[in-house]
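So the structure is just underneath, and the comments pick up after that.
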Amino acid sequence: MVSSEALHTRPQHPGTGHAARLATPADAVGIVRLRSAFVLAEPLPEEWTVRSGAELAARLAPGGDARASVVDAPDGTLASCALALVHPVLPEPASPTGRAARVHTVVTHPSWRRRGHARSALAALLDRLRAEGVAPVEADAPAAMGALFRASGFCGSLAPMRMTWPEPAVRGRVDEKTGHVWLPPEQYAETVMKATGFACVLFTDRHDRPVQLHGVYSTTHPWQLVGGTMDPGERPWETAVRECREETGIELTGPPRLLATVYGLPGAEWPYSTMGLVFDGGRLDGARLRDIVLDPREHDEVRVLPLAEWRPLMPARDFARLGAVMEARRTGVAAYFDTWDWGTE
Numbered sequence: 061m062v063s064s065e066a067l068h069t070r071p072q073h074p075g076t077g078h079a080a081r082l083a084t085p086a087d088a089v090g091i092v093r094l095r096s097a098f099v100l101a102e103p104l105p106e107e108w109t110v111r112s113g114a115e116l117a118a119r120l121a122p123g124g125d126a127r128a129s130v131v132d133a134p135d136g137t138l139a140s141c142a143l144a145l146v147h148p149v150l151p152e153p154a155s156p157t158g159r160a161a162r163v164h165t166v167v168t169h170p171s172w173r174r175r176g177h178a179r180s181a182l183a184a185l186l187d188r189l190r191a192e193g194v195a196p197v198e199a200d201a202p203a204a205m206g207a208l209f210r211a212s213g214f215c216g217s218l219a220p221m222r223m224t225w226p227e228p229a230v231r232g233r234v235d236e237k238t239g240h241v242w243l244p245p246e247q248y249a250e251t252v253m254k255a256t257g258f259a260c261v262l263f264t265d266r267h268d269r270p271v272q273l274h275g276v277y278s279t280t281h282p283w284q285l286v287g288g289t290m291d292p293g294e295r296p297w298e299t300a301v302r303e304c305r306e307e308t309g310i311e312l313t314g315p316p317r318l319l320a321t322v323y324g325l326p327g328a329e330w331p332y333s334t335m336g337l338v339f340d341g342g343r344l345d346g347a348r349l350r351d352i353v354l355d356p357r358e359h360d361e362v363r364v365l366p367l368a369e370w371r372p373l374m375p376a377r378d379f380a381r382l383g384a385v386m387e388a389r390r391t392g393v394a395a396y397f398d399t400w401d402w403g404t405e
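Position one of the sequence shown corresponds to residue 61 (the working numbering), numbered consecutively onward.
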């Protein structure tokens, strides 16, 4: 029998054509249901499905010990998933971060098998673990999945099997006094929170009614402030100026006046945290409103309404953000709005 301590290199996984994504807490119950139905000898009672799903959701949240990837089915359920649990180990050359993992579940719904979903989900999971410096990775692989695990780089007997990366997962400097591993900047960057940035501009008319644009590409966020995602190398005000020019034809001259700082947690709609700034664009008279030129690839309508009339047209979190920004305009005190989270469905 090949020793589970043997080193093995995981080959590059070929493209399967089925995109796996990193799981969020919102996927927890779906993962539990797949495992219950198609892995366990007897399906879990519903009470235990709910309980296990809640536990897994907490462990998939930032700071938790669960890592998972999923492949979505067209009907919105999960076609496949791969789940691992990270656990502490004593630091050694093969595991300098003192964190290892065991693959807990790899399962595909029978309706979606033989399409490469399991391979895609497992590959995405292993890439996530490697990026975090988690090594080694073990798995209790059923005989039917032995070929998949071996193709993914595992070796040893089927239970357990183990894989390591082709080079040490972490090439950091170990502090001899504390045992702390100091990572090179490029490796440390892989372990910290990922976030996207945006910048927006609030315009109102002369009666302080908010001006918003109707997006042609988003049914989730139909009405939007002028603005968008920051390009690499841009500062927030530069993004606001560029987006304003591209979306309306208006040239902002500044100086920038900050109305709000906005933060959102990741979710099913987007896998990263979101941080943004909202600036005051001032009040537009009728002529300037009529002169707005929309980019038809992004927006198809400009609308001006009293704040209260925006409520039924927007998701609750979008309207709450708009209300906070308007209050900041009224009081002159910048708002801190940290609940603009991405949706869970």
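Don't be surprised by glycine CBs; every beta carbon is placed ideally from N, CA and C.
Same chain only: Cβ atoms within 8 Å of residue i, ignoring 5 sequence neighbours per side
i      : result
LEU367 : ARG269, PRO270, LEU382, GLY383, MET386
ALA118 : PRO85, GLY124
Residue i versus residue j - alpha carbon distance
i      : j      : result
PHE339 : ALA191 : 36 Å
LEU185 : TRP400 : 27 Å
ASP87  : LEU243 : 31 Å
ALA181 : ALA203 : 19 Å
LEU318 : HIS164 : 47 Å
GLY123 : VAL393 : 33 Å
LEU262 : LEU349 : 13 Å
PRO156 : TRP297 : 42 Å
ASP79  : ALA183 : The sequence as given places Ala at residue 79; Asp does not occur at that position. Going by the C-alpha atoms only, they are around 11 Å apart.
PRO74  : ASP132 : Residue placement at PRO74 is poorly supported in this model, since its pLDDT is 37, which falls under 50; the coordinates still yield a value, given next. Approximately 19 Å, taken between the alpha carbons.
LEU100 : GLU369 : 52 Å
LEU138 : VAL130 : 7 Å
LYS254 : THR264 : 33 Å
PRO292 : ASP398 : 23 Å
GLY206 : THR168 : 15 Å
ASP378 : HIS281 : 8 Å
ARG363 : ARG371 : 14 Å
ALA142 : VAL166 : 4 Å
ALA83  : TYR248 : 22 Å
GLY336 : VAL322 : 5 Å
ARG93  : GLU106 : 9 Å
PRO134 : THR238 : 50 Å
TYR396 : ASP351 : 32 Å
VAL252 : ARG266 : 44 Å
LEU365 : ARG390 : 16 Å
GLU294 : ILE310 : 19 Å
GLN272 : GLY136 : 31 Å
Contact belief for residue i with residue j at Cβ below 8 Å, rounded distance in angstroms
i      : j      : result
ALA320 : ALA388 : 5 Å
TRP402 : GLY324 : 6 Å
VAL197 : LEU189 : 6 Å
VAL286 : GLY341 : 7 Å
TRP172 : SER140 : 6 Å
HIS274 : GLU329 : Actually they are not in contact, since the Cβ atoms of HIS274 and GLU329 sit about 19 Å apart, beyond 8 Å.
Close-in-space but distant-in-sequence residues of the same chain around residue i (CB under 6 Å, 5 per side omitted)
i      : result
LEU312 : VAL301, CYS304
PRO151 : GLY158
THR299 : ALA259, MET290
GLU250 : ALA191
PRO103 : SER96, ALA97
ASP187 : none
MET374 : TRP283
Per-residue burial, residue i [other beta carbons within 10 Å of its own, 16 or more giving buried]
i      : result
HIS147 : exposed
SER96  : buried
THR308 : buried
GLY90  : buried
ALA128 : buried
ALA195 : buried
TYR278 : At residue 278 the sequence reads Ser, which differs from the Tyr that was named. Exposed.
VAL353 : exposed
GLY113 : buried
TRP108 : exposed
PRO417 : This structure cannot settle anything about residue 417, because the visible part of the chain is limited to 61 through 405.
PRO245 : exposed
PRO85  : buried
GLY314 : exposed
ARG179 : buried
GLY193 : buried
ALA376 : exposed
GLY359 : Reading the sequence as shown, one finds His at residue 359 and not Gly. The residue in question, HIS359, is buried, as its Cβ has 16 or more Cβ neighbours within 10 Å.
GLY288 : buried
Cβ-based neighbour list, residue i, same chain, cut-off 7 Å, excluding 5 preceding and 5 following
i      : result
LEU145 : ASP125, ALA126, ALA161, ARG162, HIS164
TYR332 : LYS254, ALA255, THR256, PRO326
GLU306 : ASP355
GLY77  : Residue placement at GLY77 cannot be trusted, given a pLDDT of 43 that sits under 50; what the coordinates show is reported in the next sentence. So the list reads GLY176, once near-sequence residues are dropped.
Please go through the stretch 274 to 341 and give each complete alpha helix (DSSP H) segment of 4 or more residues, from N-terminal end onward.
296 to 308
Identify every run of the alpha helix (DSSP H) within the stretch 355 to 397, keeping only runs that are complete inside it and at least 4 residues long; order them along the chain.
367 to 370, 376 to 391
Secondary structure, alpha helix (DSSP H): runs of 4+ residues fully inside the stretch 229 to 263
245 to 248
Extract the residue ranges of the beta strand (DSSP E) inside the stretch 88 to 176, only unbroken runs of 3 or more that lie entirely within it.
126 to 132, 138 to 148, 159 to 168
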